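Participant: Got a structure for you, written out below as structure tokens; questions coming shortly.
Numbering (the numbering used here), first residue to last: 144 to 277.
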């Protein structure tokens, strides 16, 4: 797990609990990995919800980078289609911008296994707003 500049420490978040590592963050693209081990459903397959968490994490980080200083990104819509699953190894998610507006940002996120087979395709829309935390 890697902390990301401009965001609070990630050590007490779902991101840390799932073993997500952030490799790259920019407004147009974010990339990260997640182990299958520990993120499975009872049949030993990667849990679809784990893929959704990875997708929302990467899209949200990219959207926050797009929002800029003093602003935050909050997910308002996520959908995911699961094409296949994995039983072991590490999966990689790549978020690519579809729309970068002043109040909304939308990303397509593709989750692949170590053989570059598509496991999940997700779309995330984030609302961009002023950071109201004090």
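Glycine is no exception: its CB is placed at the ideal position from the N, C-alpha and C atoms. For clarity, every value in this text was computed on a predicted model and none was experimentally measured.
1. When the cut-off is 7 Å and only beta carbons count, does residue 274 lie next to chain B?
2. In three-state terms, what does DSSP make of residue 220?
3. Quick one: residues in its chain with C-beta nearer than 6 Å to the C-beta of residue 265, no 5 flanking neighbours on either side, listed in chain order?
4. Would you say residue 199 touches the ligand COA, meaning its beta carbon is less than 6 Å from a heavy atom?
5. Do you know offhand how far residue 249's Cα is from residue 217's?
6. Return the CA-CA distance between residue 161 and residue 245, expressed in angstroms with no decimal places.
7. Roughly how many angstroms separate the alpha carbons of residue 260 and residue 229, rounded to a whole number?
8. Over the uninterrupted beta strand (DSSP E) stretch that includes residue 175, give me the two end residues.
9. Based on Cα-Cα distance, which residue from 274, 215, 213, 220 lies nearest to residue 196?
Facilitator: Let me lay it out:
1. Absent from the structure is chain B; it holds one protein chain and no more.
2. Here residue 220 corresponds to residue number 77 of the chain shown, with the count starting at 1. Strand at residue 220.
3. For the purposes of this step, residue 265 is taken as the residue at position 122 of the chain shown. In chain order, 198, 223, 252 place their CB closer than 6 Å to the CB of residue 265, counting only its own chain and leaving out the 5 sequence neighbours on each side.
4. Within the structure as shown, the ligand COA is missing, as the structure has no ligands at all.
5. For the purposes of this step, residue 249 is taken as residue 106 along the chain shown, with counting starting at 1. For the purposes of this step, residue 217 is taken as residue 74 along the chain shown, with counting starting at 1. Across the structure, residue 249 and residue 217 are spaced so that their CA atoms are roughly 11 Å apart.
6. For the purposes of this step, residue 161 is identified with residue 18 of the chain shown, where counting begins at 1. For the purposes of this step, residue 245 is identified with residue 102 of the chain shown, where counting begins at 1. Residue 161 and residue 245: Cα-Cα distance of roughly 31 Å.
7. For this step, residue 260 is matched to residue 117 along the chain shown. For this step, residue 229 is matched to residue 86 along the chain shown. Distance between the alpha carbons of residue 260 and residue 229: 10 Å.
8. Taking the first residue of the chain shown as position 1, residue 175 is located at position 32. Start and end: 172-178.
9. Here the question's residue 196 lines up with position 53 in the chain shown. Nearest C-alpha to residue 196: 220.
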